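Here's the structure, in structure tokens; my notes come after.
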Amino acid sequence: MRRPGAPSAPGLLIYWFITLFFHFRWYFPSGLSACERGSDMARGHAFAIMTASCTAAAACSGCVPSGTGWAAPYLEDQSPKIAVVMPARAPSISQEFRYNENIAGHEGIDILAPVRTPVIAAADGVVRNSLFEPMYGNRLVIDHGSDAAGRRIVTVYKHLKARIANPGSHVQRGETIALSGNTGALAGGIPHLHFEVHRQAHSQSAGMSPIDPHLVWANGAGRVSCYTPHAQEQPQSDALTYPLACGPLRTPS
Numbered sequence: 001m002r003r004p005g006a007p008s009a010p011g012l013l014i015y016w017f018i019t020l021f022f023h024f025r026w027y028f029p030s031g032l033s034a035c036e037r038g039s040d041m042a043r044g045h046a047f048a049i050m051t052a053s054c055t056a057a058a059a060c061s062g063c064v065p066s067g068t069g070w071a072a073p074y075l076e077d078q079s080p081k082i083a084v085v086m087p088a089r090a091p092s093i094s095q096e097f098r099y100n101e102n103i104a105g106h107e108g109i110d111i112l113a114p115v116r117t118p119v120i121a122a123a124d125g126v127v128r129n130s131l132f133e134p135m136y137g138n139r140l141v142i143d144h145g146s147d148a149a150g151r152r153i154v155t156v157y158k159h160l161k162a163r164i165a166n167p168g169s170h171v172q173r174g175e176t177i178a179l180s181g182n183t184g185a186l187a188g189g190i191p192h193l194h195f196e197v198h199r200q201a202h203s204q205s206a207g208m209s210p211i212d213p214h215l216v217w218a219n220g221a222g223r224v225s226c227y228t229p230h231a232q233e234q235p236q237s238d239a240l241t242y243p244l245a246c247g248p249l250r251t252p253s
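FYI, in UniProt numbering the residues of the sequence shown are 1 to 253.
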């Protein structure tokens with residue numbers, strides 16, 4: 001029980017947010033909102049811990065709502081902006097893709113989900129990497145082979161509570177590969193899945209680059225595609241389905 005006169009947890013977070021912001025404000029690129037300052041956009045900066053505090057404070061003040069069926073808008077400087085159609089029961093997207101080679105960006109989408117929500121493979125593939133690192137916490141990387149144009153497709157799942165699929169294992173679309181969480185400093189304490197898609201450039205010798213996940217949904221660009229377990233025909237491996245099941249969000253016991 002909180003003793004009389006003691007500040008509430010949200011009050012303390014907001015206090016630290018204000019204090020740290022004014023102490024470190026010169027580190028922030030201009031034009032970032034409170035939500036952005038507390039997101040993965042700040043990865044790699046020396047103020048990662050301060051960023052996490054900012055995110056938590058922003059969440060307590062209503063910056064990050066919850067629920068299903070909605071997607072946050074793109075930032076003004078992101079191009080192209082894809083018209084996103086969300087199924088009503090799909091876990092909501094709190095932050096969209098933003099990629100700029102010249103500044104810190106957001107190389108995926110953030111999907112809100114309670115800790116320990118099953119994370120499912122977006123397509124058939126092979127687990128290439130499974131590790132923990134301080135900024136993004138537990139992560140998994142799945143190689144889905146090549147698309148129709150011969151370009152390799154890889155998906156990345158970050159801030160996981162637990163990694164289930166092992167490196168080298170073959171996974172099927174919809175298979176549970178991990179549990180969502182809020183691990184890593186850049187999660188800011190907010191339970192969510194950070195989901196990335198990387199695609200090889202036009203030649204086999206070229207490297208991988210992040211692309212907007214909304215470009216490669218099974219139902220078409222911008223049309224978030226829920227996984228249907230008993231569908232008679234599953235999409236091709238380069239057409240992705242949502243990495244969380246669509247339906248009521250329940251924390252596993």
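Ideal placement from N, C-alpha and C gives every residue a C-beta, glycine not left out.
In this text, all values refer to a predicted model and were calculated from it rather than measured experimentally.
Residue from the options whose Cα sits closest to the Cα of residue i
| i | options | result |
| --- | --- | --- |
| M86 | T228, G247, R223 | R223 |
| S94 | A83, P80, G67, V119 | G67 |
| P210 | G69, L75, G108, A83 | G108 |
| L215 | T241, N100, S169 | T241 |
| I177 | L112, V127, A231 | V127 |
| A245 | E76, S92, D77, P167 | S92 |
| G168 | L75, R98, H144, L112 | H144 |
| T117 | Y157, G125, A88, E76 | Y157 |
| Y227 | F195, A90, Y99, I82 | A90 |
Helix, strand or coil at residue i according to DSSP, with G and I counted as helix
| i | result |
| --- | --- |
| P213 | helix |
| L186 | helix |
| Q172 | coil |
| H194 | strand |
| L75 | coil |
| V84 | coil |
| L244 | strand |
| S146 | strand |
| N138 | strand |
| Q234 | coil |
| G67 | coil |
| A58 | Low confidence applies to A58: its pLDDT is 48, below 50, so where it sits in the model is not reliable enough to give any reading. |
| A239 | coil |
| S180 | strand |
N- and C-terminal bounds of the beta strand (DSSP E) containing residue i
| i | result |
| --- | --- |
| T155 | 152 to 163 |
| E133 | 125 to 133 |
Rounded C-alpha distance that separates residue i from residue j
| i | j | result |
| --- | --- | --- |
| A218 | P191 | 26 Å |
| F132 | V141 | 12 Å |
| Y136 | D110 | 12 Å |
| S130 | A239 | 23 Å |
| A148 | V115 | 36 Å |
| H106 | D212 | 10 Å |
| Q236 | A185 | 35 Å |
| A121 | P243 | 6 Å |
| K161 | H230 | 27 Å |
| V197 | I153 | 7 Å |
| P73 | E96 | 7 Å |
| A123 | E233 | 13 Å |
| residue 258 | S225 | Given a span of 1 to 253 for the chain in the structure shown, any question on residue 258 remains unanswerable. |
| G247 | S79 | 31 Å |
| V119 | L179 | 5 Å |
| G174 | W70 | 22 Å |
| E76 | R151 | 29 Å |
| Y99 | T155 | 16 Å |
| G189 | P134 | 13 Å |
| A83 | G125 | 28 Å |
May I have a chain-ordered list of the beta strand (DSSP E) segments no shorter than 3 residues that lie completely inside the stretch 90 to 122?
-> 93 to 95, 109 to 112, 118 to 120
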